[in-house]
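Step one of this worksheet: look at the structure below.
Protein chains: 4
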Amino acid sequence: MKTLLEKIVRECSNEWKSGRVATYIPELGKGRADASGLSVYSLSSGPASAGDTGSPFTMQSVSKVASLALALETLGEEKVFSAVGMAALADPFNSIMRLESDAPHRPHNPLINSGAIAVLSLLPWTDGGEKFEAVRDMAARLMAKPGLEIDEAVYLSEKETGNRNRALAWFLKSVGNLEGDVEEILDVYFRQCSLLTDCTDLALLGATLAAGGRNPVTGEQVTSCGTARIVRTIMATCGMYDGSGEFAVSVGIPAKSGVGGGISAAVPGKMGIGAWGPALDKRGNSAAGLAMLKRLSEELGLRIY
Amino acid sequence: MKTLLEKIVRECSNEWKSGRVATYIPELGKGRADASGLSVYSLSSGPASAGDTGSPFTMQSVSKVASLALALETLGEEKVFSAVGMAALADPFNSIMRLESDAPHRPHNPLINSGAIAVLSLLPWTDGGEKFEAVRDMAARLMAKPGLEIDEAVYLSEKETGNRNRALAWFLKSVGNLEGDVEEILDVYFRQCSLLTDCTDLALLGATLAAGGRNPVTGEQVTSCGTARIVRTIMATCGMYDGSGEFAVSVGIPAKSGVGGGISAAVPGKMGIGAWGPALDKRGNSAAGLAMLKRLSEELGLRIY
Amino acid sequence: MKTLLEKIVRECSNEWKSGRVATYIPELGKGRADASGLSVYSLSSGPASAGDTGSPFTMQSVSKVASLALALETLGEEKVFSAVGMAALADPFNSIMRLESDAPHRPHNPLINSGAIAVLSLLPWTDGGEKFEAVRDMAARLMAKPGLEIDEAVYLSEKETGNRNRALAWFLKSVGNLEGDVEEILDVYFRQCSLLTDCTDLALLGATLAAGGRNPVTGEQVTSCGTARIVRTIMATCGMYDGSGEFAVSVGIPAKSGVGGGISAAVPGKMGIGAWGPALDKRGNSAAGLAMLKRLSEELGLRIY
Amino acid sequence: MKTLLEKIVRECSNEWKSGRVATYIPELGKGRADASGLSVYSLSSGPASAGDTGSPFTMQSVSKVASLALALETLGEEKVFSAVGMAALADPFNSIMRLESDAPHRPHNPLINSGAIAVLSLLPWTDGGEKFEAVRDMAARLMAKPGLEIDEAVYLSEKETGNRNRALAWFLKSVGNLEGDVEEILDVYFRQCSLLTDCTDLALLGATLAAGGRNPVTGEQVTSCGTARIVRTIMATCGMYDGSGEFAVSVGIPAKSGVGGGISAAVPGKMGIGAWGPALDKRGNSAAGLAMLKRLSEELGLRIY
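Protein chains in written order, with numbering that gives the first Met the number 0: chain G, 0 to 304; chain E, 0 to 304; chain H, 0 to 304; chain B, 0 to 304.
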């Protein structure tokens, strides 16, 4: 496996050139565009890595997997999906139009920004600090990484520049689809986006979901089997922003990307994959990550469809 | 004139039944639905009134006329209309969709909520308090009403529930079309919407605009002739929300309405009209006000088209 | 007057450079981009012209004024405006989106393409040929031009390439807002767009509307006074496509433009104006025409607002 | 298996009550609302059926699976997906808005109406009759049903009332995304929608796709393995109209529905399923079909996610 991963990393070493490092959060713009890493955590044979799999980067939207899992565990499927939909959206991740045009003004799914914010507002902790700790704890257990930290500089940068997310949150508030204090919920959102991970963490995150919620390293049943399945399904249909449909055809694995350049993928019953490369395509998905996952999926026949 | 106004008020006394008092700002919901008043300030023959023209109500969107006039006077036409457009919009006054769908994400005109907020952000006072005082002063001079007060209960109610306006403002901020502190600008907006006027005030406001910016009571040249003309034109095309086109056909006079139930109309070179009735049609325009203005326009042949 | 018009034509002789001749109808693309003409028909002092006012061009959307007038005369205001709205639209003239998004799927106004097609479908002649003759007759009487001809080459070009209009018409048909045979109605539409006029014709068209429907040359009362007023009003709010609001501020006269480069304007009670220049701005309005009308409006103080 | 299917049909016998038989194609409205059938074609154990699996109904949108497969086989993936996208759409199946709002005005996927029409226009037969025969032949081979007929009454009804599809096709034509004669392509579309199948046919259709394109009854390799996989993937993300995301969570199998009440599902490597019930939910999917597929997926653990 390690040899295969190294071959793929090498062969995809120029893919980053088609992308650009995200700059809308200024602190993210400092990433090294040509870095890349690829990790696998196989449920049968354990971990393997190639490339730069130890460099830390922020989870960004990959963290939405953790908050969605937490919401499903604590509130149940019915309550979560009465607040957000399950529909893929052919709009950018931060779009507000469809919130207004489509009654009942409910975010289309929990993995776009408005949906993730709505999910956070649902969580049964009223204090923002406790809410964030619960999300961090879920993420830590999914990745067997107890000392999960946030990147303070990125967090402050997100908080300072996250005005589109403020618009989304206030819109949700105005139509009665957001409980609690808007700025406090956004603070949790900005914090969870700033959680620091690396490629191997994201491989284990995928592996835990692939294993029905049971972390293969710690042995802990972090989520129920049903929660893990729902999360994998939503990742499959909505995980790669408006590129989700294309990703299903080209790669065919449930996955979630983040603008930090990370992607976590879950091959049901088989393995988790973490891919990283900070240069993003126009939809916000890691250019190198997409290329490496495509190669890996083809080589190992991982498509679920 | 007074006899005519009394006849019109009497004949339109049931028109309020087709409308409903605004309740989205809870404090507004307390208005007496069946009240109505009609005032004229003729540039040749002075004031005349009928009905309940002394009861105070909040200006709401009618105040956007004052802030637009102030912006044009202090910044000039070019600067104002590089920040907001001049196009009528077939959407509700608080719509956010078109801000996202239409590049350059500029409010379509200065009389919808997003446009009025953008205009406030432009005004050359950085302190919110000073900015509000400048708007209040402009409104006071247009209406010859030095002691213009705000309704504190309405103001607090707007501030507490104005979340859609917060979404609009943060969206503008996120696309670089809003300078300054968002909540401070919104505070100015909520305050100006809460300014207390009556029917006779709105008639004089219209008369000052009709007279090319010269207040016929005080004799003060409040705005330049060009500013008054631009304001009248924007009122004609955009002043009645998404009912502006229909109003042009049925009434045919530049006018601006507010959800407090007031309408101020300016017949160029002839007169100003103030109409009031708290029950609103589905677009947010005073039901009785529309009916009375239509009758008055027909009786006196006031259409400009 | 003639001296003034000549000065304006001369001073605006480079304005065409900011525009482009329409090419979406291939036959239109053959127009000479730098031609321009300006005609006035004053209700007090008769005609005056400058520039190239005798060259023929096709009416295109200016013809919608004639079909709207005909519909109002034969069907009445109520029937016409139950089929189309009166709202200006901040979308291009051939847009279909809002037809779907806004119930009741009614064209927003009679001067955008979908609205003009809907108006044609209403006309009380079932045969397409008769329908066209009725529109041509109305146009001929408004312009005192009995031998009004169509440009066969432009007509065939429109018919061959008018697929967006076919989409609009079939959409209207699918939502029950179009009576009759779609291709037959479109044929009337393509024919009326191809009617050949010149600058002096459009000046007289405007003059007839400005005179309350009475043609000042023939003395015929072509439409009722009320119809002329409604047409002028709709021209003022919707006549210049999505540039109508800006035109109201910069020129301030009811007017209708066509992609053939012509504009007909009606100054109520005063005069009609015909302006022509084939190079169009990005909204489809004649670049030279806009500039000349702005100058003329300023020089003569023609603004209605 | 047969016992299980009978139990499911019985337990879901009231599900049709939440739906309504399609009436927008008048001929469809004649269907018996409470009929239902469920068929399985297992790649290991062959066919099994319960309920009314022999009654004929029209394929409607299920036929898009055949035309997509044909296009992929004859033109290749690249060419097909340069004409249509792969993105799920949160709009109704006949929506036109997004075609205009989203450049490059390409249908979002091949399973919505506009996308299916665009795919038909691509097929390398210029004559409409030959084009239809090619689609019919592909459908017949996928279902091992040589004598595949169309329901003439439904076909004529579709042809007469398919005006929204005409609007979609003309729009595509107007933006250069449709080759050939519009009405001729639509005729192919209306014909393929009118192909008569039953539940067992749709089970075999799914089974052939599930078996990588090899029909398990005839043994013919109808499509390449890659084509079958792409079709299954697009079915998974886009097959159930705007209910695709919800279907992925609740059922979790690639499937395509039609307004005739049929659904064909393909469980990769395992089986095909045909479900039928004419009463549709508000998105156009068979109410009984959804319920039966959910039960079957749960009982047999068929989810792919």
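C-beta: ideal position from N, C-alpha, C; glycine also.
Checklist entry - Between the C-alpha atoms of Leu201 of chain B and Ile272 of chain B, what's the straight-line distance to the nearest angstrom? => result Answer to the nearest angstrom: the Cα atoms are 7 Å apart.
Item to check | Option nearest Asp241 of chain E by Cα separation, candidates E:Ala227, E:Ala68 and E:Ser256 | outcome: Nearest C-alpha to Asp241 of chain E among E:Ala227, E:Ala68 and E:Ser256: E:Ser256.
Next on the checklist: On the DSSP letters alone, give me the boundaries of the alpha helix (DSSP H) that Ser43 of chain H sits inside.
Outcome noted: It is not in any alpha helix (DSSP H) - Ser43 of chain H carries neither H nor E in the DSSP assignment.
Item to check | Reduced DSSP category for Arg9 of chain G - H, G, I as helix; E, B as strand; rest coil | outcome: In the three-state scheme derived from DSSP, where H, G and I count as helix and E and B as strand, Arg9 of chain G is classed as helix.
Checklist entry - Which of helix, strand or coil does DSSP assign to Leu279 of chain B? => result In the structure shown, Leu279 of chain B sits in a strand (DSSP, three-state: E or B).
Checklist entry - To which residues of the same chain is Leu74 of chain E closer than 8 Å at the C-beta, ignoring the five residues directly before and after it? => result Cβ within range, chain order: Leu121, Leu122 and Pro123.
Checklist entry - Got a sec, what are the start and stop residues for the alpha helix (DSSP H) Ser296 of chain B sits in? => result Ala286 to Leu299 is the span of the alpha helix (DSSP H), which, as asked, contains Ser296 of chain B.
Checklist entry - Are the CB atoms of Leu195 of chain E and Met58 of chain E nearer to each other than 9 Å? => result Cβ atoms of Leu195 of chain E and Met58 of chain E: closer than 9 Å.
Item to check | Leu110 of chain B, buried or exposed, once every other Cβ within 10 Å from all chains shown has been counted against 16 | outcome: Leu110 of chain B comes out buried.
Item to check | Whole-number beta carbon distance between Gly84 of chain B and Pro106 of chain B, since they are thought to touch under 8 Å | outcome: So it is a contact: roughly 7 Å between Cβ atoms.
Checklist entry - Would you say Val181 of chain B faces chain H, with C-beta separation under 9 Å as the test? => result At least one CB of chain H lies nearer than 9 Å to the CB of Val181 of chain B.
Checklist entry - Taking the C-alpha atoms as reference points, what is the distance between Glu77 of chain B and Gly114 of chain B? => result Near 15 Å, if we compare the C-alpha coordinates of Gly114 of chain B and Glu77 of chain B.
Next on the checklist: Any C-beta of chain A within less than 7 Å: which residues of the stretch 160-184 of chain B qualify?
Outcome noted: Considering every chain present, this structure includes no chain A. Its protein chains are G, E, H and B.
Checklist entry - Taking any Cβ of chain B, which residues in the stretch 209-232 of chain G have a Cβ under 8 Å from it, in chain order? => result Within the stretch 209-232 of chain G, those residues whose Cβ lies closer than 8 Å to any Cβ of chain B are, in chain order, Arg228, Ile229, Arg231 and Thr232.
Checklist entry - Got a sec: which bits of the stretch 79-108 of chain B sit with their beta carbon under 7 Å from any beta carbon on chain H, in order along the chain? => result Going along the stretch 79-108 of chain B in chain order, one finds Ser94, Ile95, Met96, Glu99 and Ser100 with a Cβ nearer than 7 Å to chain H.
Checklist entry - Where does Arg190 of chain G sit, in a helix, a strand or coil, going by DSSP? => result Annotated three-state conformation of Arg190 of chain G is helix, per DSSP.
Item to check | Where Val248 of chain H meets chain E, residues with beta-carbon distance less than 9 Å | outcome: For Val248 of chain H, the neighbours in chain E by C-beta distance under 9 Å run, in chain order, Glu76, Phe80, Met85, Arg228, Ile229, Thr232, Ile233 and Thr236.
Checklist entry - Hey, is the stretch 291-302 of chain E in contact with the stretch 238-252 of chain H, meaning 3+ C-beta pairs nearer than 8 Å? => result Counting Cβ pairs under 8 Å, fewer than three are found: no touch.
Next on the checklist: For Ala68 of chain G and Met137 of chain G, which I take to be in contact (beta-carbon distance under 8 Å), what is that distance rounded to the nearest angstrom?
Outcome noted: Right, the Cβ-Cβ distance comes to about 6 Å (below 8 Å), so this counts as a contact.
Item to check | Extent of the continuous beta strand (DSSP E) to which Ile266 of chain E belongs | outcome: Rather than Ile, the amino acid found at residue 266 of chain E in this sequence is Val. Residues Gly261 to Val266.
Item to check | Neighbouring residues, chain B, relative to Glu245 of chain G (Cβ below 9 Å) | outcome: Proximity of chain B to Glu245 of chain G at the Cβ level (cut-off 9 Å) is accounted for by Phe80, Gly84, Met85 and Ala86, in chain order.
Checklist entry - Would you call the stretch 279-292 of chain G and the stretch 258-269 of chain E in contact, with 3 or more CB pairs under 8 Å? => result No, they do not touch.
Checklist entry - Do Ile116 of chain G and Leu185 of chain G have their C-beta atoms closer together than 9 Å? => result Going by C-beta atoms, Ile116 of chain G is nearer than 9 Å to Leu185 of chain G.
Checklist entry - On the premise that Ala227 of chain B lies in contact with Gly244 of chain B, defined as a C-beta separation below 8 Å, what is that separation, rounded to the nearest angstrom? => result The pair is not a contact, with the Cβ atoms about 23 Å apart (cut-off 8 Å).
Checklist entry - Grouping DSSP H, G and I as helix and E and B as strand, with all else coil, what is Ile149 of chain B? => result Reduced to three states, the DSSP call for Ile149 of chain B is strand.
Checklist entry - Listing by chain order, which chain E residues have their CB less than 7 Å from the CB of Gly251 of chain H? => result Those within 7 Å of Gly251 of chain H in chain E are Thr232.
Next on the checklist: Under 9 Å, Cβ to Cβ, is there at least one residue of chain G near Asp241 of chain B?
Outcome noted: It does: the Cβ of Asp241 of chain B has a partner Cβ on chain G nearer than 9 Å.
Item to check | 6 Å CB neighbourhood of Lys144 of chain E in its chain, flanking five on each side removed | outcome: Correct list, in chain order: Asp200.
Checklist entry - Which residues bound the beta strand (DSSP E) around Lys16 of chain H? => result For Lys16 of chain H, there is no enclosing beta strand (DSSP E), as DSSP gives it neither H nor E.
Checklist entry - Near Lys63 of chain B, which residues of its chain fall below 6 Å by C-beta distance, leaving aside the five closest residues on each side in sequence? => result Here the set comprises Leu110 and Ala115.
Checklist entry - From the beta carbon of Arg302 of chain B, is the nearest beta carbon of chain G less than 9 Å away? => result Yes, Arg302 of chain B lies at the interface with chain G (some Cβ there is under 9 Å from its Cβ).
Checklist entry - Between the Cα of Ile149 of chain G and the Cα atoms of G:Arg135, G:Tyr304 and G:Asn13, which residue gives the shortest distance? => result Out of G:Arg135, G:Tyr304 and G:Asn13, G:Arg135 has the C-alpha closest to the C-alpha of Ile149 of chain G.
Next on the checklist: Does the stretch 38-47 of chain G come into contact with the stretch 162-182 of chain G, if we say contact requires no fewer than three beta-carbon pairs (one atom in each stretch) closer than 8 Å?
Outcome noted: Contact between the stretch 38-47 of chain G and the stretch 162-182 of chain G is absent, because fewer than three Cβ pairs lie under 8 Å.
Next on the checklist: Please give the ranges of any alpha helix (DSSP H) in the stretch 47-79 of chain B, keeping only runs that are unbroken, at least 4 residues long and fully inside the region.
Outcome noted: If we require 4 residues or more, the alpha helix (DSSP H) runs fully inside the stretch 47-79 of chain B come out as 62-74.
Next on the checklist: Quick check: does the Cβ of Gly84 of chain B come within less than 8 Å of any heavy atom belonging to the ligand SAM?
Outcome noted: The model depicted lacks the ligand SAM and carries no ligand whatsoever.
Checklist entry - In three-state terms, what does DSSP make of Ser35 of chain H? => result Secondary structure at Ser35 of chain H: coil, using DSSP grouped into helix, strand and coil.
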